[in-house]
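Protein chains in written order, with this note's numbering: chain Y, 10 to 468; chain V, 10 to 468. For glycine and all other residues, C-beta sits at the position ideal for the given N, C-alpha and C. Okay, so here's the structure we're looking at.
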């Protein structure tokens, strides 16, 4: 039995998929039953490393979808449009879709899932998150017995590469980014990666699967690494932490969710301090990892290459195989496997996270005066925030601050070092976010605190 | 639609499964459709933490299998018999089976798979390897597009716990084992764990799935941690390595396997040195991790709790859900999904591994004589084995050796320190196993080498 495959796009991922289909030996025998029938490309005249018969190629993606020989449509062209419309067209034609397009799924996943459910076809998205790492299928099929408490991950390889080098070399963000662009690890326009948007797309998808309901992409609090100071990476290291861009979806509350009620989720993307022994802390370079915490499974982690032609093609082919395999169960008249179809079964509600609990890293610029640590400590204490460590790093020169920031204090030790400043780093114990914010507001009002220079969540 | 579940065994895993089925809220909605119909226990009168209706319990596993209300049979009793016979009985009755029984699957997997294929039912085994870690399903369903080069893992939690403590505390094997037994991390009879048999069971299963053909369990070279010297753990740490009990299945040769030919595999279990930055090196305590290397995916790793009631129950319920989900596709007359059924499609052949390539750690006892390092180095050089490092550790007292081991050498520096010995540790570069063996044989014949005290493979 041959199954006809149509490809929309023949970039690096599309070419990787075509290469697997063209060399089935040594792979699962089902790969040999997949046959590439039609491929939509932008430019027919372009020479390509992989030789494909000229009659397979077309510049019309619609022609691929409408070709009766194409039974599964694989969308690897990227971008929002025409990708979204083409996916919907394939669904309307009753053809299952495999896509690596995280941007479309994060924004139009609900519309696409509804169309797929109505038409009774699968839309599989293993390649949309985590490159070659099997994470979508395990979330849908292997962890269904669990109540998921948290999904957190390093799911953007570009930023992890930059952060790894900042940590290893003590280099500044801008320098590493420029180098990463030169090496091809970062795009010419790096905004979607470094500002956290790509990771937000992916955590929206993971949360939707983990919690069984669509997560509004626009509501995800997102902060990138583009304003991260190398100083914080270095101080974190001295205190036993690494800084990673972590995307998290966490359920607030515990126990069984109330039936019929929306499940409250705190979903966010930002630079985060991880203790060096944390499972995600050892994820270096362009690798990705996703940590899933559930009851009763505990912590499981999925690790591997988060991008690249080969790994992403591996994930796309996994989805194609899944559709081909299940087709042998019941033919075209069959129902959908509810695990594979991943329909949503409840409402998710994004909440502001002020009741979430975590540790915090704060870097303060203060005047180098006796008693300042005590006053800072008192502000935390008054808000019920207990402190794990408070460290004064070497007095430092002002960076980007006017001299006006430094005032008064002419009668004590500081007076003998006019303009001297201290840098104080506080790591709190795990506290409720709202209490921490309250303490921070009080600290900002202290006369000898000139600036809250950095504030990072800490797992 | 309710699906009737029959449990064979109500130990910690069985009770964990029953607890999930009894509290479906917040889990995948399919869990609510699973209903526990019959449970086989050893002793009806025993009090249990989980209250089950008395009419569910029976002492007859056959009665569970034969109960018409039972549609899926879950075997969590463990042991070889009667587990094997009961699994076969369920298959013969046309009922799909979920089992956590690695010992049965490693030994009788071929017989069971053949019976299941003939009868057209699934036998799913997610819980048999890696506890709660989704690894069986990803291998079967998500990595099918790959040519698998190597599967390696830390898949025995007891030994990893012992090794982690030996490394952290510098403690001796026997002391940590005794403590682990007291804490319940090791069995009263620890043989299956510490001698590597449990890990060999599991790697046989993983290799069978990764390479698509049964792997003869009895042919797996197996060495445990029970003769591991704390000294080697400590020296390895000084040289930048950790010692782990690693189970490996590696394909010899590269590229596409020759069609119709058996695929040559080197499958083994033994203490192994891992560089500290290796993905498996950070797996501590009772956790497990499995690293899969394939083309084109690269390296992907699956990490989590390798044992325990909750994690193992999570894996069992995953399998039950898979069967329940696919049942909705095509009813009872449907065919099998070839990915989920995991039929074998080729022959695997265990080879002796003399052509495999890896690094090696060797600890030698030598006389403390000038020139001994040169002579050892020459033996390696003559066999074409290049050395990464050769380090002489402090001269040490004999441990368990008779004085007769120390002879001659009365004319030079050593003569002034009669009985003094040196301990030399060599780490080779990656070499072919046969060349390394040849060098080692020559070294054993050197008159100033008194003993090859330890020899460990190194990744």
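*Please check if any C-beta of chain V sits within less than 8 Å of the C-beta of residue 279/Y.*
no
_At the 8 Å Cβ level, is residue 135/V part of the contact set with chain Y, yes or no?_
yes
*Please state whether DSSP places residue 320/V in a helix, a strand or coil.*
helix
*asked:* For residue 408/Y and residue 402/V, what's the separation of their Cα atoms in angstroms?
replied: For residue 408/Y, the pLDDT reaches just 49, beneath the cut-off of 50, and the residue's location in the model is therefore unreliable, although a value from the coordinates is still provided. Rounded to the nearest angstrom, the two C-alpha atoms are 49 Å apart.
*Kindly indicate if chain V contains any beta-carbon less than 8 Å away from that of residue 250/Y.*
no
*Hey, how far is the Cα of residue 66/V from the Cα of residue 52/V?*
9 Å
*Can a CB atom of chain Y be found closer than 8 Å to the CB of residue 155/V?*
yes
_Just verifying my parser: in three-state terms, what is the DSSP assignment at residue 407/Y?_
Any reading at residue 407/Y must be qualified, since the residue scores a pLDDT of 46, below 50, and its modelled position is unreliable; the value itself is stated next. If DSSP states are grouped into helix, strand and coil, residue 407/Y belongs with coil.
*Which ranges would you report for the beta strand (DSSP E) in the region 288-368 of chain V if only whole runs of at least 3 residues count?*
296-304, 307-314 and 357-359
*Compute the beta-carbon to beta-carbon distance between residue 347/V and residue 13/Y, rounded to the nearest angstrom, for a pair I have assumed lies under 8 Å.*
Rounded, the Cβ-Cβ distance is 18 Å, inconsistent with contact.
*In chain order, what residues of the same chain lie with their CB nearer than 7 Å to the CB of residue 218/V, ignoring the 5 residues before and after it?*
145, 148, 149 and 351
*Between residue 151/Y and chain V, is there a C-beta pair that is closer than 8 Å?*
yes
*Check distances from the C-beta atoms of the region 283-314 of chain V to those of chain Y and list, in chain order, the residues that come in under 7 Å.*
288, 291, 305, 306, 307, 308, 309, 310, 311, 312, 313 and 314
*Chain-ordered chain Y contacts of residue 271/V [CB-CB under 9 Å]*: Result: empty, since nearest Cβ-Cβ is about 13 Å, beyond 9 Å.
*asked:* 8 Å is my cut-off, CB to CB: does residue 76/Y come that close to chain V?
replied: no
*asked:* Determine whether the beta carbon atoms of residue 204/Y and residue 238/Y lie at a separation below 8 Å.
replied: no
*Counting only runs that start and end within the region 231-288 of chain Y, where is the beta strand (DSSP E) found for 3 or more residues in a row?*
250-260 and 272-284
*Return the bridge partner residues of residue 49/Y from the DSSP annotation.*
17/Y and 67/Y
*Buried or exposed for residue 55/V, please, with buried defined as at least 16 other CB atoms from any protein chain shown within 10 angstroms of its CB.*
exposed
*asked:* With a threshold of 6 Å on Cβ separation, who are the neighbours of residue 410/V within its own chain once the five nearest residues in sequence on each side are excluded?
replied: Here the model assigns residue 410/V a pLDDT of 41, short of 50, so the residue's position is not dependable, and the following value carries that caveat. Once the five neighbours on either side are set aside, residue 410/V has no close Cβ partner at all.
*Starting from residue 337/Y, find everything on chain B with Cβ-Cβ shorter than 8 Å and list it in chain order.*
No chain B appears in this structure, whose protein chains are Y and V.
*Considering residue 161/V, what are the terminal residues of the beta strand (DSSP E) in which it resides?*
156-163
*Does the Cβ-Cβ distance between residue 265/V and residue 34/Y come in under 8 Å?*
yes
*Under 8 Å between the Cβ atoms of residue 292/V and residue 369/V?*
no
*Checking contacts by CB at 8 Å: is residue 319/V closer than that to chain Y?*
yes
_For residue 258/V and residue 223/V, the rounded distance between their alpha carbons_ = 12 Å
_Short of 7 Å in beta carbon distance, which residues of its chain neighbour residue 129/Y, apart from the five on each side in sequence? Order them along the chain._
345
*Kindly provide the ranges of any alpha helix (DSSP H) runs that are 4 or more residues long and lie completely inside the region 91-115 of chain Y, ordered along the chain.*
92-101
*On the three-state DSSP scale, how would you describe residue 173/V?*
helix
*Residues in its own chain within less than 8 Å of residue 27/V by CB, not counting five upstream and five downstream?*
16, 19, 45, 48, 59 and 61
*Mind listing, in chain order, the continuous beta strand (DSSP E) runs of no fewer than 3 residues lying wholly within the region 25-49 of chain V?*
43-49
*Between which two residues does the beta strand (DSSP E) carrying residue 432/Y extend?*
430-437
*Mind checking the region 32-49 of chain V against chain Y and listing, in chain order, the residues whose C-beta falls within less than 7 Å of any C-beta there?*
32, 34, 35, 36, 37, 38, 39 and 40
*In terms of alpha-carbon separation, which member of 139/V, 303/V, 77/V and 181/V lies closest to residue 152/V?*
303/V
*Might you give, ordered along the chain, the residues of its own chain that have their beta carbon closer than 6 Å to the beta carbon of residue 80/V, omitting 5 neighbours on each side?*
12 and 13
*DSSP-derived helix/strand/coil call for residue 190/Y*: helix
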